[in-house]
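In the numbering used here, the protein residues as written are 285 to 629.
All C-beta atoms in this analysis are idealised placements derived from N, C-alpha and C, irrespective of residue type, glycine included.
Keep in mind that this is a model prediction, so the values were computed, not measured.
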């Protein structure tokens with residue numbers, strides 16, 4: 285159950301544990317951690333070698349006895365102990381000491397929409413292991429909407445689209461609650477996978493694990509539209525020989541390759557609109573869709589949605605940190621619930 289605003293005001297810190305990045309907001313201090321959700325472990329001794337940015341850079345470059353693990357998958361903690369160890373190192377001694385001084389330490393955490401009880405319990409246990417006496421859970425759709433400044437507490441429809449690494453979540457909000465929502469199991473990683481498979485089949489080229497994002501940026505200019513650059517040079521490894529090789533990739537073919545996962549997202553948006561009351565859909569025709577999340581920055585994605593839906597599409601100012609900013613706004617007590625005066629008489 286989503287926590288009330290009064291409960292959230294009593295919290296001392298908030299955590300957004302995402303599949304791609306982990307972010308921590310401390311009351312009074314602001315955003316103190318924004319690092320990849322990765323940890324490098326020595327499999328012989330069990331020792332933690334690196335976390336965050338450094339661990340991410342080690343992906344695919346380590347000897348056999350060092351393994352880079354991701355304790356969060358699809359917004360759900362899959363390895364509680366490793367998630368706790370990662371968070372402790374990311375927070376550092378100074379912040380942890382200041383949190384430990386708080387009487388009855390309280391924490392807040394984002395959870396995916398319709399997260400099952402096991403996923404919620406894993407989020408709670410992760411933060412309890414950091415010393416929290418009580419953990420409040422907030423639906424990521426509401427946190428992200430608050431974080432990007434949408435008037436969620438008003439009786440008007442607002443549509444939010446959280447583009448994550450593992451999934452895309454779409455919802456229509458009104459009066460501070462979710463009217464209708466859909467979780468689509470397609471995110472930034474599905475787009476990456478489509479690009480990797482295209483290059484493997486069309487060019488017999490294997491990409492290094494960290495080369496897909498630069499390829500997406502190579503599509504920029506006008507991104508997913510035909511006005512983007514005609515081709516770009518990609519470096520990788522030949523599937524047959526294993527030798528390093530460079531190929532000139534036609535970006536139009538790459539755009540075609542990533543249409544399939546993006547079309548699935550469009551289907552999900554259509555389902556949310558069909559399930560939404562007509563009065564709220566009329567509001568959305570003017571207000572449009574607000575995109576948040578790291579994958580919202582995929583070049584041209586907003587333009588594609590605009591053409592497909594006929595509605596205005598906006599990208600938040602800092603789409604990647606909207607959810608944790610929303611939690612921070614609620615922790616600091618900067619949002620007031622809508623007050624309804626009882627009718628006289």
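C-beta atoms of residue i and residue j nearer than 8 Å
i, j, result
"residue 426", "residue 389", "no"
"residue 459", "residue 439", "yes"
"residue 321", "residue 304", "yes"
"residue 353", "residue 342", "no"
"residue 406", "residue 296", "no"
"residue 463", "residue 527", "no"
"residue 350", "residue 324", "yes"
"residue 487", "residue 471", "no"
"residue 549", "residue 489", "no"
"residue 293", "residue 617", "yes"
Residues near residue i by beta carbon distance below 6 Å, same chain, minus five either side
i, result
"residue 445", "454, 573 and 575"
"residue 553", "454"
"residue 555", "466"
"residue 408", "419"
Same chain, Cβ closer than 7 Å to residue i, neighbours up to 5 away in sequence not counted
i, result
"residue 629", "Caution applies to residue 629, whose pLDDT of 40 falls short of 50 and renders its modelled position unreliable; the model cannot decide the point."
"residue 379", "310 and 316"
"residue 683", "Residue 683 is absent from the structure shown; the chain starts at 285 and stops at 629."
"residue 307", "300, 315, 317, 318, 605 and 608"
Any non-hydrogen atom of the ligand PLP within 7 Å of residue i CB
i, result
"residue 387", "Absence of the ligand PLP is noted for the structure shown, with no ligands found whatsoever."
Backbone secondary structure at residue i - three-state DSSP
i, result
"residue 598", "strand"
"residue 379", "helix"
"residue 579", "helix"
"residue 629", "Any reading at residue 629 is ruled out, since the residue's pLDDT is 40, under 50, leaving its predicted position unreliable."
"residue 408", "helix"
"residue 519", "strand"
"residue 424", "helix"
"residue 285", "Reliability fails at residue 285, whose pLDDT of 39 lies under 50, so the model's placement of it is uncertain and the value that follows must be treated cautiously. Coil at residue 285, not helix or strand."
"residue 623", "Any answer about residue 623 is weak, because its pLDDT of 48 lies below 50 and its placement is not dependable; what the coordinates show is given next. Note: residue 623 maps to coil in three-state DSSP."
"residue 398", "coil"
"residue 486", "helix"
Same chain, Cβ closer than 8 Å to residue i, neighbours up to 5 away in sequence not counted
i, result
"residue 404", "395 and 421"
"residue 386", "296"
"residue 598", "572, 573, 574, 575 and 586"
Range of the contiguous alpha helix (DSSP H) that encloses residue i
i, result
"residue 434", "Here residue 434 belongs to no alpha helix (DSSP H), and DSSP marks it neither H nor E."
"residue 605", "Taken as a continuous stretch (DSSP letters only), residue 605 belongs to no alpha helix (DSSP H), as it is neither H nor E."
"residue 342", "Segment: none, residue 342 is in no alpha helix (DSSP H) and carries neither H nor E."
"residue 292", "289-293"
"residue 585", "585-593"
Run of the beta strand (DSSP E) containing residue i, from where it starts to where it stops
i, result
"residue 452", "452-458"
"residue 320", "314-320"
"residue 442", "442-447"
"residue 466", "461-468"
"residue 306", "305-310"
"residue 569", "No beta strand (DSSP E) holds residue 569; the alpha helix (DSSP H) holding it covers 562-571."
Segment contact, 8 Å Cβ cut-off, at least three pairs: the segment 480-492 with the segment 536-547:
yes
For the structure I just gave you, are there three or more beta carbon pairs, one from the segment 582-599 and one from the segment 371-390, closer than 8 Å?
no
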